[in-house]
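Residue numbers (full-length UniProt numbering): 1 to 76. Structure first, then comments.
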Amino acid sequence: MRNGLLLEALRGKSRRFVAWHHSLEHSLHKISHAYVGHYDDPEKWMFSAWLALTAKGRQLAQALEENEIDGYRRKS
Numbered sequence: 001m002r003n004g005l006l007l008e009a010l011r012g013k014s015r016r017f018v019a020w021h022h023s024l025e026h027s028l029h030k031i032s033h034a035y036v037g038h039y040d041d042p043e044k045w046m047f048s049a050w051l052a053l054t055a056k057g058r059q060l061a062q063a064l065e066e067n068e069i070d071g072y073r074r075k076s
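Structure (structure tokens):
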């Protein structure tokens, strides 16, 4: 994705994963269409998308997780 936090690939007609460089909104629409549109047929959606955090995305996720844990501990 363009925000540099996530790598994404969707399976194309060749049945291979192809990197996507679309907006978050467009990518979520495609994933939602594959899942919702074919919910009763898991083979059509189960492996239709591949997502992986970039190093920047991993750092953000860890910071958010630590913030949530710290916030929870303060409430206890």
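Backbone N, C-alpha and C define an ideal beta-carbon position, used for all residues, glycine too.
Distance, residue j Cα to residue i Cα
{"i": "residue 117", "j": "residue 56", "result": "The structure shown has nothing for residue 117, since the chain only spans 1 to 76."}
{"i": "residue 54", "j": "residue 19", "result": "14 Å"}
{"i": "residue 35", "j": "residue 46", "result": "8 Å"}
{"i": "residue 32", "j": "residue 52", "result": "18 Å"}
{"i": "residue 60", "j": "residue 28", "result": "20 Å"}
{"i": "residue 23", "j": "residue 4", "result": "11 Å"}
{"i": "residue 64", "j": "residue 50", "result": "22 Å"}
{"i": "residue 58", "j": "residue 26", "result": "22 Å"}
Unbroken alpha helix (DSSP H) run spanning residue i, endpoints
{"i": "residue 37", "result": "24-37"}
As assigned by DSSP and simplified to three states, the class of residue i
{"i": "residue 57", "result": "helix"}
{"i": "residue 41", "result": "coil"}
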